[in-house]
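Protein chains in written order, with the numbering used here: chain V, 296 to 794; chain D, 296 to 794.
There are 2 protein chains.
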Amino acid sequence: MKEQEFLQEIKEIELLKEALGLLEWDSQTGMPEASSAFRGETVGYLSGMAFERSVGPKIQEGLTYFDTHSDELSELGLAVYKKVKEEYELNHSIPTNRMQAYNTALTNAHNAWLQARKSKDFAQMKNEIQTIVDFLKEFIPYWKKDEATNYDVLLNQYEPDLSVEKLDQIFGQVKSGIMEIRAKIAEKGTIPRTDFLSRRVTKEQQRTFVIGVAEQLGYDFSRGRLDDTVHPFMLDLNRNDARITTRWDELNFAMATFGVIHEAGHGIYEQSIDPKYDHTPLSAGASMGIHESQSLFNEIILGSNKHFWKKQFPFFQKCTEGTFDDIEFETFYDSLKETKASLVRIEADSLTYPLHIIIRYEIEKMIFNEGVSVADLPQIWNDKYEEYLGIRPINDLEGIVQDVHWSGGSFGYFPSYALGYMYAAQLRHAMGKEINVDAVLASADYSSIKDWLTKHIHQYGASRKPNQLILDATGETLNPQYLIDYMKSIYYDVYKIKE
Amino acid sequence: MKEQEFLQEIKEIELLKEALGLLEWDSQTGMPEASSAFRGETVGYLSGMAFERSVGPKIQEGLTYFDTHSDELSELGLAVYKKVKEEYELNHSIPTNRMQAYNTALTNAHNAWLQARKSKDFAQMKNEIQTIVDFLKEFIPYWKKDEATNYDVLLNQYEPDLSVEKLDQIFGQVKSGIMEIRAKIAEKGTIPRTDFLSRRVTKEQQRTFVIGVAEQLGYDFSRGRLDDTVHPFMLDLNRNDARITTRWDELNFAMATFGVIHEAGHGIYEQSIDPKYDHTPLSAGASMGIHESQSLFNEIILGSNKHFWKKQFPFFQKCTEGTFDDIEFETFYDSLKETKASLVRIEADSLTYPLHIIIRYEIEKMIFNEGVSVADLPQIWNDKYEEYLGIRPINDLEGIVQDVHWSGGSFGYFPSYALGYMYAAQLRHAMGKEINVDAVLASADYSSIKDWLTKHIHQYGASRKPNQLILDATGETLNPQYLIDYMKSIYYDVYKIKE
Numbered sequence: 296m297k298e299q300e301f302l303q304e305i306k307e308i309e310l311l312k313e314a315l316g317l318l319e320w321d322s323q324t325g326m327p328e329a330s331s332a333f334r335g336e337t338v339g340y341l342s343g344m345a346f347e348r349s350v351g352p353k354i355q356e357g358l359t360y361f362d363t364h365s366d367e368l369s370e371l372g373l374a375v376y377k378k379v380k381e382e383y384e385l386n387h388s389i390p391t392n393r394m395q396a397y398n399t400a401l402t403n404a405h406n407a408w409l410q411a412r413k414s415k416d417f418a419q420m421k422n423e424i425q426t427i428v429d430f431l432k433e434f435i436p437y438w439k440k441d442e443a444t445n446y447d448v449l450l451n452q453y454e455p456d457l458s459v460e461k462l463d464q465i466f467g468q469v470k471s472g473i474m475e476i477r478a479k480i481a482e483k484g485t486i487p488r489t490d491f492l493s494r495r496v497t498k499e500q501q502r503t504f505v506i507g508v509a510e511q512l513g514y515d516f517s518r519g520r521l522d523d524t525v526h527p528f529m530l531d532l533n534r535n536d537a538r539i540t541t542r543w544d545e546l547n548f549a550m551a552t553f554g555v556i557h558e559a560g561h562g563i564y565e566q567s568i569d570p571k572y573d574h575t576p577l578s579a580g581a582s583m584g585i586h587e588s589q590s591l592f593n594e595i596i597l598g599s600n601k602h603f604w605k606k607q608f609p610f611f612q613k614c615t616e617g618t619f620d621d622i623e624f625e626t627f628y629d630s631l632k633e634t635k636a637s638l639v640r641i642e643a644d645s646l647t648y649p650l651h652i653i654i655r656y657e658i659e660k661m662i663f664n665e666g667v668s669v670a671d672l673p674q675i676w677n678d679k680y681e682e683y684l685g686i687r688p689i690n691d692l693e694g695i696v697q698d699v700h701w702s703g704g705s706f707g708y709f710p711s712y713a714l715g716y717m718y719a720a721q722l723r724h725a726m727g728k729e730i731n732v733d734a735v736l737a738s739a740d741y742s743s744i745k746d747w748l749t750k751h752i753h754q755y756g757a758s759r760k761p762n763q764l765i766l767d768a769t770g771e772t773l774n775p776q777y778l779i780d781y782m783k784s785i786y787y788d789v790y791k792i793k794e
Numbered sequence: 296m297k298e299q300e301f302l303q304e305i306k307e308i309e310l311l312k313e314a315l316g317l318l319e320w321d322s323q324t325g326m327p328e329a330s331s332a333f334r335g336e337t338v339g340y341l342s343g344m345a346f347e348r349s350v351g352p353k354i355q356e357g358l359t360y361f362d363t364h365s366d367e368l369s370e371l372g373l374a375v376y377k378k379v380k381e382e383y384e385l386n387h388s389i390p391t392n393r394m395q396a397y398n399t400a401l402t403n404a405h406n407a408w409l410q411a412r413k414s415k416d417f418a419q420m421k422n423e424i425q426t427i428v429d430f431l432k433e434f435i436p437y438w439k440k441d442e443a444t445n446y447d448v449l450l451n452q453y454e455p456d457l458s459v460e461k462l463d464q465i466f467g468q469v470k471s472g473i474m475e476i477r478a479k480i481a482e483k484g485t486i487p488r489t490d491f492l493s494r495r496v497t498k499e500q501q502r503t504f505v506i507g508v509a510e511q512l513g514y515d516f517s518r519g520r521l522d523d524t525v526h527p528f529m530l531d532l533n534r535n536d537a538r539i540t541t542r543w544d545e546l547n548f549a550m551a552t553f554g555v556i557h558e559a560g561h562g563i564y565e566q567s568i569d570p571k572y573d574h575t576p577l578s579a580g581a582s583m584g585i586h587e588s589q590s591l592f593n594e595i596i597l598g599s600n601k602h603f604w605k606k607q608f609p610f611f612q613k614c615t616e617g618t619f620d621d622i623e624f625e626t627f628y629d630s631l632k633e634t635k636a637s638l639v640r641i642e643a644d645s646l647t648y649p650l651h652i653i654i655r656y657e658i659e660k661m662i663f664n665e666g667v668s669v670a671d672l673p674q675i676w677n678d679k680y681e682e683y684l685g686i687r688p689i690n691d692l693e694g695i696v697q698d699v700h701w702s703g704g705s706f707g708y709f710p711s712y713a714l715g716y717m718y719a720a721q722l723r724h725a726m727g728k729e730i731n732v733d734a735v736l737a738s739a740d741y742s743s744i745k746d747w748l749t750k751h752i753h754q755y756g757a758s759r760k761p762n763q764l765i766l767d768a769t770g771e772t773l774n775p776q777y778l779i780d781y782m783k784s785i786y787y788d789v790y791k792i793k794e
């Protein structure tokens, strides 16, 4: 087989995925609901075709041939080959009938989850979660290479080369860092004023502001677009079409503001991948964690920066047509960084957010490595919230039933969110050695920040592993201390704490 | 082969077309332009696949088998079989290499057309049009069954069972009818006041109004949507997702108003096709002419009706927030039906529009049946405009270069537009025997009009031929007199002419 033939097969699979991407985007941004059944048929047919091709004879032939003829591959061809092989092994190592049974279990679990949300009762989905856990325990030996524990296998599906051993250490450090900050704030912090955050800002005013900000941050609207949706996301059809979405609340402008800044970070990443990876699986993010690092770099690092807001505040005031004329800049800035314990992950502020992840990580580890019973999970969940955040859910909807992930089989996924925080802070630190980030954010031209990220992260797409990217970009492996330091600098400033 | 297997193959082709439909809709409503090259690859790949399947071994096997086993087909299966056979023969009778060469010629002609528009000079596309004409003359013998002339063959690809003989007679009648009305208007008509038509109506005001009107007419927004575009169209992914589009001009509200009413007619048709035709090529309009009859029924028949506007005018005034408070209803109504000779087909009013079509028809007939030279076409075009409309293009952009159709190979297509006018008027006449249309339009419930059209036209999709539909619905074959009578009643009223 020639490299060209192998790459053409992969390209055709990518083209199918691009069509599927548009069908998905459309389903979430405005497809008439009545069309769902038809859409299901179209998506089912095309995704079946894409999957069959991805494990089909041509791919198999290519993988077998180049296994012993890798010298015939160009550098690009070799990188693509490796990525395709990884995905093939993940998809193809499970017996087909078991994978089909698992997919049925996922559908059942999703429906049970919807029921459990309605009744606010985990018991409604307990059996279905147990089934999924049993399936994953059955599959882990198929996937396992040299991972130390069962849960390591799941972790690595989302973040290659991550381990329980490493995460235990890192999360331990993050947890005590956050606890320390929270304790200090509780003890002697000055709570910022936030009443004006609920002043009415029309959707159009919000749009004007946040589109302006996203553009300055480097999101290219000529190669993307912003649409309304219920659950915001970024979806890239290709590097020239990376679409972002948001929801709006006229009495809570901060939601869409930070939401769009976040999604723009994902979009900038996709828009900046090297064109040589077009139509290959390398034209994608390096991992979930690295992708989140880019959205969170925007949202948490730049979006928490006082110089950034100092520059943006007059623009915000102009867009909101006088609504915030009575608010001093410092008061405005502080309001954006209030921190408060909360029960719902997606509503958490940037200081407490990692604790939500750590709770889920600890529980997942207990399930897969310590054999804890699924029936005991709500109790464990609630106890941990009480221990780490000092508040206790009064029902399972604001507790263990809140997330869709487990009913979707995505055990091992949550840590990626926290990795994104840590990577972002570590990248910020490294960037600071070359660029005066505060000065850039105070200026009218942010391009050097985006360029730095493109140079060190974006351009490589999925051709490098997260570990290598972070090491090359920052000179060291993942180090959670930068996140803790960053949190301290932001929150101690806002809460007027002198160390 | 089993019917089920045959229908499954067809369903899969339809699913591919549904994905292609969304890709097309998206390209025209908001895809970032920078994504065009990527989109071209995706569309090229999927449409190639759809075409290959449509002439592939399974379809061939099915067509061969059921040719001699039609007794094994259900009523639905038989109808689908016939439709698929028709399409197969159209697509498959031309040698592949010639069809490929033709497609290349179409691409060249489209580019030449764009050039010709820029330079406003037909000479820029003359050779390319000649090439297309030559190809079609080469293909006609392959397509020909029992048609009397070459041009009949082309006509029948868009409107089955139509003939030059019939059209000559019909268009002769329409032409003299329109000429008579125009002469009378010129002689003794009172020209309506129209100055206020250019008053500013914001896009949002226009949207509110026209969405309200389209809903009343029966367009179901829960199974469709309205988006912005440059060249308005309706595109149905399925009967639960029939999308309409429009462009807006704040200084010409009539454009989007009548545009949306028009597209809603196409949309209502698709939304009302019997679900038993889902996922088959019968879930579509019966022909281009019948499809236009439904959009024009909305735009020209209902949209010209004084009772309709009498009912809508207060709503329009409310939506436009006082802008038209000084305008009397009669004055407003008359303004909408001004008629004026114009050079550009898509800007023509409903009285002169058929003349634009007749000019094109006569020229196409000369090309294919009388061997007129392509080089002479601009002269012929301009002479005909002078003869029929009394005005002469000063360059080819407002003359022969205005339409995309010929460079796209669509000779024989134009007459469908005029058929739509005639069918619409004939349907209106037949409907009047059962329903007091004026009274319904004066009421708050228009559903009986839509229901009549669904009963007689919509529900059948493409399972019946245009001739049969019109005969069954109106009790007679196509009769252009209804259009002439209708035009007289509308325009003599507006221009205050007593016969």
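Each residue gets a CB set at the ideal place from its N, CA and C atoms; glycine is no exception.
Computed from a predicted model, the values in this text were never measured in an experiment.
Give me the residue from the options with the minimum Cα distance to residue i.
| i | options | result |
| --- | --- | --- |
| D:Arg494 | D:Thr618, D:Gln511, D:Gly372, D:Asp678 | D:Thr618 |
| D:Gly842 | D:Thr552, D:Arg477, D:His700 | Nothing can be reported for residue 842 of chain D, as the shown portion of chain D is limited to 296 through 794. |
| V:Trp701 | V:Val735, V:Ser711, V:Val428 | V:Val428 |
| V:Leu341 | D:Lys312, D:Ala579, D:Arg334 | D:Lys312 |
| V:Ile662 | V:Leu431, V:Ser588, V:Glu304 | V:Leu431 |
| D:Glu356 | D:Tyr376, D:Asn593, D:Tyr683, D:Ala407 | D:Tyr376 |
| D:Gly484 | D:Gly584, D:Asn547, D:Lys635, D:Ala549 | D:Lys635 |
| D:Asn533 | D:Glu545, D:His405, D:Thr541, D:Arg520 | D:Arg520 |
| D:Ala757 | D:Ile354, D:Tyr446, D:Glu300, D:Glu382 | D:Glu382 |
If you draw a straight line from the C-alpha of residue i to the C-alpha of residue j, how long is it?
| i | j | result |
| --- | --- | --- |
| V:His557 | V:Ala443 | 34 angstroms |
| V:Leu766 | V:Lys760 | 10 angstroms |
| D:Lys601 | V:Gln410 | 54 angstroms |
In the DSSP assignment, the alpha helix (DSSP H) including residue i goes from what residue to what residue?
| i | result |
| --- | --- |
| V:Leu650 | 648-664 |
| D:Arg518 | D:Arg518 -> no alpha helix (DSSP H), and no H or E assigned at all. |
| V:Met394 | 391-414 |
| D:Met529 | Taken as a continuous stretch (DSSP letters only), D:Met529 belongs to no alpha helix (DSSP H), being part of the beta strand (DSSP E) at 529-533. |
| V:Ile792 | No alpha helix (DSSP H) holds V:Ile792; DSSP gives it neither H nor E. |
| D:Ile675 | 672-684 |
Would residue i count as contacting chain D if we go by Cβ distances under 7 angstroms?
| i | result |
| --- | --- |
| V:Ala314 | yes |
| V:Leu371 | no |
| V:Gly325 | yes |
| V:Phe333 | yes |
| V:Ser702 | no |
For the beta strand (DSSP E) that contains residue i, what are its first and last residues?
| i | result |
| --- | --- |
| D:Ala643 | Unbroken run through D:Ala643: none, as it is neither H nor E. |
| D:Arg488 | No beta strand (DSSP E) contains D:Arg488, which DSSP labels as neither H nor E. |
| V:Ile779 | Premise fails: V:Ile779 lies in the alpha helix (DSSP H), 776-789, not in any beta strand (DSSP E). |
| V:Ala329 | Premise fails: V:Ala329 is in no beta strand (DSSP E) and is neither H nor E. |
Does the CB of residue i have a neighbour CB from chain V at under 7 angstroms?
| i | result |
| --- | --- |
| D:Leu317 | yes |
| D:Asp321 | yes |
| D:Leu310 | yes |
| D:Ala329 | yes |
* the stretch 337-353 of chain V: which residues have C-beta closer than 8 angstroms to a C-beta of chain D, in chain order? -> From the stretch 337-353 of chain V, only Thr337, Tyr340, Leu341 have a Cβ closer than 8 angstroms to chain D.
* **Proximal residues, the stretch 655-669 of chain V versus chain D, C-beta separation under 9 angstroms** => When CB distances to chain D are screened at a threshold of 9 angstroms, not a single residue of the stretch 655-669 of chain V falls below it.
* Asked: According to a CB-to-CB cut-off of less than 9 angstroms, which residues of the stretch 596-623 of chain D neighbour chain V?
  -> Contacts with chain V (Cβ-Cβ distance below 9 angstroms) from the stretch 596-623 of chain D involve no residue at all.
* Asked: Which residues, in chain order, does the stretch 507-538 of chain V contribute to contact with chain D at a C-beta distance below 7 angstroms?
  -> Across the stretch 507-538 of chain V, CB contacts with chain D closer than 7 angstroms involve Ser517, Arg518, Gly519, Arg520, Leu532, Asn533, Asn535, Asp536, in sequence order along the chain.
* To do: With 9 angstroms as the C-beta to C-beta threshold (strictly closer), list the residues of the stretch 735-758 of chain V near chain D in chain order.
  => Residues: none.
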